[in-house]
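All residue numbers for the sequence shown refer to our numbering, where the first residue is 693 and numbers rise by one. Just so it is clear, CB atoms sit at the ideal spot from N, CA and C, and this is done for glycine as well. No experiment lies behind these values; they were computed from the predicted model shown. Below you'll find the structure, written out as structure tokens, and then a few comments.
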Amino acid sequence: MSGICYRCFKSKEACLCSYIKELDTGVKFVILIHPREARLMKTGTGRIAHLSLKDSELIQGCSFNENERVVKLLSDPTYHPFLLYPGNGAITTDSKAFKEKISGKIPMIIILDGTWSQAKKMLKYSPNLQSIDRLSFNKGYSSRFIFKREPTPDAISTIEACYYTIKEMGELGLAFSDGADNLISVFDRMVSFQLECERKRRELNAPERVPLQIN
Ligand SMILES: [Zn+2]
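Below is the structure:
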């Protein structure tokens, strides 16, 4: 048994800590992680994103309406909060409205880390998150790897969501995106390790444990 790295929550063999480079983007990220996602140590990227982003927080829960830390952050005038969530009414990073809203404030990007149905439930049980501005990407992205448990084709991992946010904001001069590519390098390393483990398992005719397909 190799044991677990209690920093990145990967097995010591798959530990990503030496590949993680801390980024100071000028953007605050708040990753709200569903408890079931937190237990999925194999696929969860929220923790890796948190370790990679200097000004970030990882908060676990299903409902955040009474979560002391979330309530405090949402009322902090230093920040303008945005929920990264697609759909009608979401503003894009290249919109005039986005630029105006963050003027003089630190943008705080809140991400729901879980499957699509977990994210929908987190939002349903968190009225305080329903009322904040929603942000979506300028462009459509698909994940470099699709985890089969995700039903929607455009679902991307939390670490990819952070990367595209920083990249788009960086292109507009609204964030420091130098070194952000490392987020994707760490993600690629994580996925290739998982694929390699799965390949080895299949060679031994073991049942599929982490179904993955290359996009
Ligand atoms: Zn580690």
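Grab the span of the alpha helix (DSSP H) containing residue i for me, first residue to last.
| i | result |
| --- | --- |
| Ser-762 | Strictly speaking, residue 762 in this sequence is Val, with Ser absent from that position. Its alpha helix (DSSP H) spans residues 760-766. |
| Asp-873 | 873-895 |
Does residue i come within less than 7 angstroms of chain D when only Cβ atoms are used?
| i | result |
| --- | --- |
| Tyr-833 | Included in the structure is just one protein chain, with no chain D present. |
Thinking C-alpha only, which one of the options is nearest residue i?
| i | options | result |
| --- | --- | --- |
| Thr-807 | Gly-738, Met-861, Ile-824, Tyr-698 | Gly-738 |
| Asp-786 | Asp-870, Leu-776, Phe-829, Ile-740 | Phe-829 |
| Leu-715 | Ile-851, Arg-891, Leu-864 | Ile-851 |
| Leu-864 | Lys-791, Asn-759, Ser-710 | Lys-791 |
| Asp-873 | Glu-758, Lys-831, Lys-713 | Lys-713 |
| Leu-875 | Lys-746, Glu-729, Ser-703 | Lys-746 |
Output the boundary residues of the beta strand (DSSP E) element that contains residue i.
| i | result |
| --- | --- |
| Glu-749 | 748-752 |
| Ser-828 | 825-828 |
| Phe-721 | 720-725 |
| Phe-928 | Look at the range of the chain in this structure, 693 to 907, and you will see that residue 928 is not part of it. |
In its own chain, which residues sit with a C-beta less than 6 angstroms from the C-beta of residue i, not counting the 5 before and 5 after it?
| i | result |
| --- | --- |
| Ser-869 | Ile-858, Lys-859, Gly-862 |
| Tyr-833 | Ile-848, Tyr-856 |
| Leu-804 | Leu-724, Ala-811, Met-814 |
With a cut-off of 8 angstroms on the beta carbons, I'd call residue i and residue j a contact; round off their distance for me.
| i | j | result |
| --- | --- | --- |
| Val-763 | Ile-751 | Between Ile-751 and Val-763 the Cβ distance is about 11 angstroms, and since that is not below 8 angstroms, they are no contact. |
| Met-800 | His-726 | About 20 angstroms separates the two Cβ atoms, so there is no contact after all. |
Kindly list the residues whose CB is nearer than 7 angstroms to the CB of residue i, restricted to its own chain and excluding five residues on each side of it in sequence; keep chain order.
| i | result |
| --- | --- |
| Ala-789 | Ile-783 |
Might you give, ordered along the chain, the residues of its own chain that have their beta carbon closer than 8 angstroms to the beta carbon of residue i, omitting 5 neighbours on each side?
| i | result |
| --- | --- |
| Ser-703 | Ser-694, Gly-695, Ile-696, Cys-697 |
Exercise answer, beta-carbon shell around ligand 1 heavy atoms below 5 angstroms
Counting every residue whose Cβ lies closer than 5 angstroms to a heavy atom of ligand 1, we get Cys-697, Arg-699, Cys-700, Cys-707, Cys-709.
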